[in-house]
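Undergrad: Residue numbers (my numbering): 46 to 152. We put the beta carbon where it would ideally sit given N, CA and C, even for glycine. Only a predicted model underlies this, so the values are computations on that prediction, with no experimental measurement involved.
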Amino acid sequence: MKKAIVSAVVGLAVMAGGAMAADGEGIFKSKGCGACHKPSAKGVGPSLKDIAATYKGKEGDLIKFLRGEAPPKMDTGKFNIMKGQLAKTKALSDAELKALVDFMLSH
Ligand code: HEC
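#1: Roughly how far, in whole angstroms, is the beta-carbon of residue 146 from the beta-carbon of residue 104, given that I think they are within contact range, below 8 Å?
#2: Express the C-alpha separation of residue 139 and residue 95 in angstroms, rounding to a whole number.
#3: Using 9 Å as the threshold, is the C-beta distance between residue 199 and residue 107 below it?
#4: Any heavy atom of the ligand HEC closer than 8 Å to the Cβ of residue 90?
#5: Where do the ends of the alpha helix (DSSP H) carrying residue 134 lie?
#6: Hey, would you say the C-beta of residue 80 is under 8 Å away from at least one heavy atom of the ligand HEC?
#7: What would DSSP say about residue 104, mapped onto helix, strand or coil?
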């Protein structure tokens, strides 16, 4: 009986920990970013590979762009299409935004 209670408590703690750790790929998918950004082929927007190449070593700049605090560096003529998406990334917590950026830069 005691053992069952202990394992139930441990199980809950593991679930809570999983929910707290931000999942960059999950955020990318759930926010619909993948509709315009493919892993390596250009779609409506630049590919994740191109984004990673542009922002390599400049994670801070990418965070600023997604916070709406820095201008686009890539396809500036198409920024109008991307601009509306920033409402979604501006609403993310610091940890979520960091996880999202890590996911994009991993390409
Ligand atoms: C409706 C299509 C569309 C969706 C959805 C979309 N984007 Fe974009 N994105 C674009 C286009 C077009 C560009 C090219 C314009 C530009 O460079 O800003 C772009 C550019 C970018 C860039 C490069 C910025 C730069 O420096 O030029 C990043 C990073 C980016 N998007 C991230 C995201 C993320 C994260 C999401 C999901 C929250 C997302 N996008 C959703 C169309 C989209």
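TA: In this structure, then:
#1: 6 Å
#2: 23 Å
#3: Lying outside 46 to 152, the shown extent of the chain, residue 199 is not represented and no answer is given.
#4: Because some heavy atom of the ligand HEC lies under 8 Å away, the Cβ of residue 90 counts as near it: yes.
#5: 131–135
#6: True, at least one ligand heavy atom lies under 8 Å from that Cβ.
#7: helix
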